[in-house]
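The numbering used here puts the sequence shown at residues -17 to 277. Positions of the beta carbon are idealized from the N, C-alpha and C atoms, including for glycine.
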Amino acid sequence: MKISCLIVILLLFMPLNGLANAWSDIKTPYSVLNVKSAAAVSVTDIESLAIGSYANGCLAGADALPLAGEGYQVIRTSRNRYYGHPELIHFVEEFARKLNKSGSDDLLVADLSMPRGGNFVAGHASHQIGLDVDIWFRQAAKLQTLEQRESPLELSLVDKDSFEVNGNWQAVHGEMIRLAAESPQVARVFVNPAIKQKLCEQIQGHSASSNNNWLSKVRPWWGHTIHMHVRLSCAEGDKLCQNQNPPVSGTGCEDLSWWNQQMLQPKKSAQTSKDKKKEPKPVKVKPELCQLLLK
Ligand SMILES: [Zn+2]
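Structure follows, in structure tokens:
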């Protein structure tokens, strides 16, 4: 189906007036997208669309995450990456509220997506369709100042020399990850392999009847020592949004030896990735609707 046959009317609102009103609700400047054709989508008035894939797409009709709410504070707001699909905004607010009710300090919420999604100028390649969010492992006992939120102190949980978590690890970190992974709308939670290893150790000794399927969603990946990256599945009916295949069932704990080897051989890995950089990367072509939206 050719998307170019869609008549897209984008109503562009005025840009945000800076962050002068930083702690109040902010409405997205691009909150309305009317798709006046049922050719590619089955509904005629769609308020929000995640278009394409997590690492090659865009977002129409984003909502802004209010910069502070019950149980969370947004950091590095000057990057303007606190927009997301309404389902992601709702998820973050509910997730923070739940943890807060259990006595946890405020979560520090970093990147979601830009107002229309797409590629960040720097940093990770995903976060393009408003369904990804980075939540830091450091928490805040009270409201941070603007300066503190722009330059937050990192809290790494990983000892890079031993494939183990370090002394910063606390039970609340495991709870954060488990709570996210148990949420039905969450597709994956990316953490450093040493953190996954710690979670795997924690379930050893649990009875075989314990339901540890949530661990299948916890995916080991490079970095992610100071934050977890939570990825939601496409919203129901969002036909232009491309889900990934679901992770295989089981805990995934038996697959960590490769990571262990990689993590403890940093020099070799660094050389390999350097070599890889010499190869030109294939150019990703954005979905046509994104080309219109991101113009
Ligand atoms: Zn991320």
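Nearest in C-alpha terms to Ala78, of all of Gln121, Met96 and Asp45, is Gln121. Inclusion of Ala32 and Asp237 in the CB contact set at 8 Å is not warranted, their separation being larger than that value. Contact check between the stretch 100 to 115 and the stretch 208 to 224: three or more CB pairs, one atom from each, fall below 8 Å, which counts as touching. Taking C-alpha positions only, Val115 is separated from Gly187 by approximately 32 Å.
Taking 8 Å as the cut-off, the Cβ atoms of Phe145 and Met245 count as close.
Closest option to Gln167, judged by alpha-carbon separation, among Ile208, Pro228, Arg61 and Gly51: Pro228.
Beyond the five residues adjoining it in sequence on each side, Asn174 comes within less than 6 Å, by CB distance, of Val140, His206 and Thr207 in the same chain, given in chain order. Within 10 angstroms of the beta-carbon of Ser133 lie fewer than 16 other beta-carbons, which makes it exposed.
Non-local beta-carbon contacts of Trp203 in its own chain, meaning distances under 6 Å to residues more than five positions away in sequence, involve Phe172 in chain order.
A residue is called buried once 16 or more other Cβ atoms fall within 10 Å of its Cβ, and Asn193, having fewer, is exposed.
Secondary structure of Met158 (DSSP, three-state): helix. Between Gly234 and Leu197 the beta-carbon gap is near 6 Å, inside 8 Å, which marks them as a contact. For Ser108, the shortest separation between its Cβ and any heavy atom of ligand 1 lies below 7 Å. Proximity of the beta carbon of His67 to ligand 1 is not indicated: no heavy atom of the ligand is located closer than 7 Å. The C-beta of Asp143 has fewer than 16 other C-beta atoms within 10 Å across all chains shown, which makes the residue exposed. About 25 Å separates the beta carbons of Leu135 and Lys80, which is beyond the 8 Å limit, so they are not a contact pair.
Between Ala176 and Ala169, the alpha-carbon positions lie close to 20 Å from each other. When DSSP reads this structure, Gly66 sits in a beta bridge with Asp45. For the stretch 142 to 216, the continuous beta strand (DSSP E) assignments of 3+ residues that do not extend past its boundaries occur at 168 to 173, 200 to 202 and 209 to 214, in sequence order. Residue side-chain check: His211 places its Cβ nearer than 7 Å to a non-hydrogen atom of ligand 1.
If you look at Arg131, you'll find it in the alpha helix (DSSP H) that goes Leu128 to Glu132. The residue from Cys216, Gly66, Trp240 and Ser30 with its alpha-carbon nearest to that of Gln179 is Trp240.
Residue nearest to Gly100 within the set Glu75, Tyr36 and Trp151 is Tyr36 (criterion: CA-CA distance).
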